[in-house]
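Working notes for the structure below.
Residue numbers (the UniProt record's numbering): 1 to 282.
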């Protein structure tokens, strides 16, 4: 096949692909990441699991006028837990609750979820706090990354803490340390060093705020006391490479089809180059 013909075929393919990807992206602007089917029977805390819809939660996470840093951190911990559904992360097929990023949300993350064989992409945890809130499902890691990012936006110093089986946030406000558990909606009045020495007080604080017992609080306190915690300086430190990959994936989902369009237009609007060889008379 002639070289020019091959290039033009590639240009037509690029145009079709660009048109498809732009169509998918534009369709995605009309969709919500919030999945259907979040009924009480699939939620950890049943009918009490979610009391705020995604729009209410997006409104509630904003810091109010004249609200102190401490008041904001306390309220944020509670409203996050009220607005995010607690589903068994490994139980359901990953597309059921948009754990795998849909094609219309981001085709790059979608592709990674299907071909990379990396579990973190198959059941994705957003580093972007507002994307995580829009989807409205999560576990302790999602809660901690979201809360940490929102605290950072308000200039509130914090670290993500991990212990076997759980993730929380420690915030420093006006020289005092506080523990924020957005997964359970529990705000603890002291820092991790105190509760590592006094695990029973952590258990009592959880039970007092939750109004129930035997919900994993004793295991959390025991692991902190016996195994300690690992500290992470925010989401970018916590998930590092995936944090930057997500940052790139969202602009690239528009840049890639635009570049494909530019390439196809350049080739298709350009007159084909005809090479001719004149026979020499001997």
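A virtual CB, placed ideally from N, CA and C, is assigned to each residue, including glycine.
Burial state of residue i (16 or more Cβ within 10 Å)
i: residue 246; result: buried
i: residue 183; result: buried
i: residue 174; result: exposed
i: residue 221; result: buried
Neighbourhood of residue i by C-beta distance below 6 angstroms, restricted to the same chain and skipping five residues each side
i: residue 257; result: 18, 21 and 22
i: residue 112; result: 121
i: residue 225; result: 196 and 199
i: residue 84; result: 136 and 138
Coil, strand or helix - residue i by DSSP
i: residue 104; result: coil
i: residue 42; result: helix
i: residue 135; result: helix
i: residue 14; result: helix
i: residue 280; result: The pLDDT assigned to residue 280 is 48, lower than 50, so where the model puts this residue is not dependable; a value taken from the coordinates is nonetheless given after this. DSSP places residue 280 in coil when its eight states are reduced to three.
i: residue 9; result: helix
i: residue 32; result: coil
i: residue 124; result: coil
i: residue 239; result: coil
Beta-ladder partner(s) of residue i, from DSSP
i: residue 231; result: 161
i: residue 170; result: 159 and 179
i: residue 186; result: 181
i: residue 85; result: 137
Residues of its chain near residue i, where Cβ-Cβ distance is below 7 angstroms and the 5 sequence neighbours each way are ignored
i: residue 86; result: 43, 44, 45 and 49
i: residue 139; result: 89 and 183
Cβ-based neighbour list, residue i, same chain, cut-off 8 angstroms, excluding 5 preceding and 5 following
i: residue 24; result: 103, 104 and 107
Minimum Cβ-Cβ distance from residue i to chain B less than 8 angstroms
i: residue 63; result: No chain B is part of this structure, which consists of one protein chain only.
Inter-stretch contact at 8 angstroms, needing at least 3 Cβ pairs: the region 180-188 / the region 201-208: yes
Stretch-stretch touch, CB-based, cutoff 8 angstroms, three pairs: the region 144-155 with the region 35-48: no
Inter-stretch contact at 8 angstroms, needing at least 3 Cβ pairs: the region 64-79 / the region 31-38: no
At least three beta-carbon pairs within less than 8 angstroms, the region 126-139 to the region 55-71: yes
Meets three-Cβ-pair contact criterion under 8 angstroms: the region 254-270 and the region 2-12: yes
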